[in-house]
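Notes to accompany the following structure.
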Amino acid sequence: MRTPSPTGPGKARELIPRRHRARRMTALAGALVGVLVGIGATPGAPSPIAEAAAAPMAAAAIVPGQSTAIVGTPSGRCLEVPNSSTTNGTQTQLWDCNGSAGQTWTWTSTKQIQAYGNKCLDASGRGTANGTQVIIWDCNGQNNQQWNVNSNGTITGVQSGLCLDANAAATANGTKIILWACNGGANQQWASPTTTPPPTNPPTGARPCDIYASGGTPCIAAHSTTRALYEAYAGNLYQVRRSSDNTTRNIGLTGTGGTANAATQDSFCSGTTCVITVVFDQSGRGNDLWYQGSSVVPGSPQSRPATATTESLTVGGAKAYSLYINPGNSYWRDGHLTGVPTGAAPEGMYMVTSGTHVNSGCCFDYGNSETTRKADAAGAMDAINFSKQCWFGGCSGSGPWVQADLEWGLFPGGSSSWNPNQRAFTSKFVTATLKNNGTTRFAIKGSDAQAGSLYTLYDGSLPPGYSPMKKQGAIILGSGGDCCKPDGGANLSAGTFYEGAMVAGYPSDATENAVQASVVTAGYR
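For what it's worth, my numbering labels the leading residue of the sequence shown as 3, then goes sequentially.
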């Protein structure tokens, strides 16, 4: 991505809707239908949930943490946020089950019924009267967003004690959802389909690159400062250099397929300052990422390596350190001869990052970039961007968002217009994915890396002027593709990198789901 000046375009606009308390209260039940159908569901395409829901429905209890459709007993139709809208105040309804994001919900341990991971089922205006609309609204912890899921099949508001109700006992598509006094009616009965498949679980011990390989899309680069990305990997993760004597030490694993040996770093860096000079490639192709400004990758005078000890964390209970990117830090590799896809060849990628260390500077990326380190052409890049940067304007909220850096733009969807299916990911740990077949289609997804399924932000055509792709096959981490070469330029972005990989080929949704499950199982804390 072309690096703008700090005062140039790219500042996200924050739109804060005002809540209208004096409106008539009917019910917006969309929130109950849709826990992140982000199990990689393509908008408009039936998911396993949809296929299960389309069949005769066997009732099952709704349990905390479950991501599922919520089905009205007499109608067999799903509770839905119409058109998978994310607009505060949208009223929910009954509709034929189709597996969309607006028909998947999660009942949390705090009694919220969440859609999209950040919207809650809400009694409009904190209403407690019959006829109160059930809507979606930003989750805020108030008791009008808390619900009891009862053994008799009813769902009652904690604040009001009223039942979630299909208005007028109707069963047709478009029937609105409201609150009403509990009366034993069938239109107040809700269940989840027993045939909904459980979340994808990877084979015991499988790491992300094992999963990609089994799906026919092998990793051509794999980087992490926290853990092995192959079950059989026994090499080093990264290298640190200390300031006291400028010596270096490779940081490996506690065991084959294990987590980082943070104790080695702690001992080596005790009483001095350490930086991360290189993140090693675990794929065996030699796609190591050296900091821009090193002897391996000469860079601008402003470029420098990231401090090695800024952030510690645990993975599966074991201590590790992140690659904590601040302005001036960037890592790069020319991989066009070592397996990184070029031209219109299909590829995919993922990374685990953080929603708590971000900014709107250009451009916190991980993925395919220019070998020239210049902003050469539309389609010369294909990288995940995670930031608060609103490149084209018109964004809703302030991020951070998972977008695609395809060069000459950070794309929230298939055009320069804002994608209404976008959402911010503000959790401590975030999974982001991108895949691009190089000619007709790309998809971006995101999720909390500690729990839940991937949420499909966009899956569709490439932006106008970006087909075919013109990838050059370098790898960038921490900055835009035109950053940090010796004749000037420095990274302006901030971000955190824990792990990530790039693959040859277009990964299936099932493969990406299994990678997300592996990340969750890793236990980032």
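The C-beta atom is built at its ideal place from N, Cα and C for all residues, glycine as well.
It should be emphasised that the depicted structure is a prediction, and the values quoted were computed from it without experimental measurement.
Please report how far the alpha carbon of residue 182 lies from the alpha carbon of residue 166, in whole angstroms.
7 Å
Could you tell me whether the Cβ atoms of residue 332 and residue 475 are closer together than 7 Å?
no
On the premise that residue 383 lies in contact with residue 371, defined as a C-beta separation below 8 Å, what is that separation, rounded to the nearest angstrom?
Contact flag correct, Cβ pair sits at about 5 Å.
Contact between the stretch 388-401 and the stretch 357-366: three or more CB pairs below 8 Å?
yes
Under the three-state reduction of DSSP, which class applies to residue 301: helix, strand or coil?
Secondary structure of residue 301 (DSSP, three-state): coil.
Is the CB-CB distance between residue 509 and residue 350 below 7 Å?
yes
Could you give the uninterrupted runs of the beta strand (DSSP E) lying entirely in the stretch 107-132, keeping only those of 3 residues or more?
Annotation note: the stretch 107-132 contains the following uninterrupted beta strand (DSSP E) runs of length 3 or greater, listed N- to C-terminal: 107-109, 115-117, 121-125.
Three-state secondary structure assigned by DSSP to residue 401
coil
Going by the beta-carbon positions, is the gap between residue 278 and residue 242 smaller than 7 Å?
yes
Since residue 161 and residue 146 are thought to touch, with beta carbons under 8 Å apart, how far apart are those beta carbons, to the nearest angstrom?
5 Å
Residue 209: which of 527, 517, 526, 525 sits nearest, CA to CA?
Of the candidates 527, 517, 526, 525, the residue whose Cα lies closest to the Cα of residue 209 is 517.
If contact is defined by three or more beta carbon pairs under 8 Å, each pair taking one atom from either stretch, is the stretch 247-254 in contact with the stretch 283-294?
no
Residues in its own chain within less than 6 Å of residue 358 by CB, not counting five upstream and five downstream?
430
Would residue 177 count as contacting chain D if we go by Cβ distances under 7 Å?
Protein chain content of the structure displayed is limited to a single chain, and chain D is not contained in it.
With distances taken from CA atoms, which of 133, 135, 496, 83 is nearest residue 117?
83
Is residue 213 closer than 7 Å to residue 504 when the C-beta atoms are compared?
no
Here's a check: name, in chain order, each residue in its chain whose Cβ is nearer than 7 Å to the Cβ of residue 376, leaving out the five neighbours to either side.
484
With the cut-off set at 7 Å, would you say residue 394 and residue 405 are in Cβ contact?
no
Residue 520 classed as buried or exposed, judged by whether at least 16 other C-beta atoms fall within 10 angstroms:
The residue is buried, with at least 16 neighbouring Cβ atoms inside 10 Å.
Pull up the CB-CB distance for residue 418 and residue 442, whole angstroms please, since I reckon it's below 8 Å.
About 19 Å separates the two Cβ atoms, so there is no contact after all.
Mind checking residue 175: buried by the 16 CB within 10 Å criterion, or exposed?
With fewer than 16 other Cβ atoms from the protein chains shown falling within 10 Å of its own Cβ, residue 175 counts as exposed.
Between residue 344 and residue 114, what straight-line distance do the alpha-carbon atoms span, to the nearest angstrom?
45 Å
Output yes or no for whether 7 Å exceeds the beta carbon distance between residue 424 and residue 410.
no
Comparing C-alpha positions only, which one of 336, 269, 273 sits nearest to residue 294?
336
According to the neighbour-count rule (16 or more other Cβ atoms, all chains shown, within 10 Å of its Cβ), is residue 339 buried or exposed?
exposed
Straight-line Cα distance separating residue 154 from residue 178
22 Å
In the DSSP output, which residue or residues are listed as bridge partners for residue 2?
Residue 2 lies beyond the stretch modelled for the chain, which goes from 3 to 527, so this question has no answer here.
Between which residues of its own chain and residue 420 is the CB-CB distance below 7 Å, once the five residues before and five after are set aside?
396, 397, 398, 414
Backbone CA spacing between residue 444 and residue 437 [nearest angstrom]
5 Å
Quickly, what does DSSP pair residue 388 with across the bridge? List them, please.
404
Pull the bridge partners of residue 394 from the DSSP assignment, please.
The partner list for residue 394 (beta bridge, DSSP) is empty, contrary to what the question assumes.
Chain-order list of residues whose beta-carbon lies under 8 Å from that of residue 140 (same chain, five-residue window excluded)
90, 120, 121, 122
Just verifying my parser: in three-state terms, what is the DSSP assignment at residue 157?
strand
Measuring straight from C-alpha to C-alpha, what distance separates residue 224 and residue 231?
Cα to Cα, residue 224 sits roughly 7 Å from residue 231.
Given residue 187 as reference, the closest of 267, 134, 156, 194 once Cα atoms are compared:
156
Give me the Cα-Cα distance between residue 134 and residue 451, rounded to the nearest whole angstrom.
35 Å
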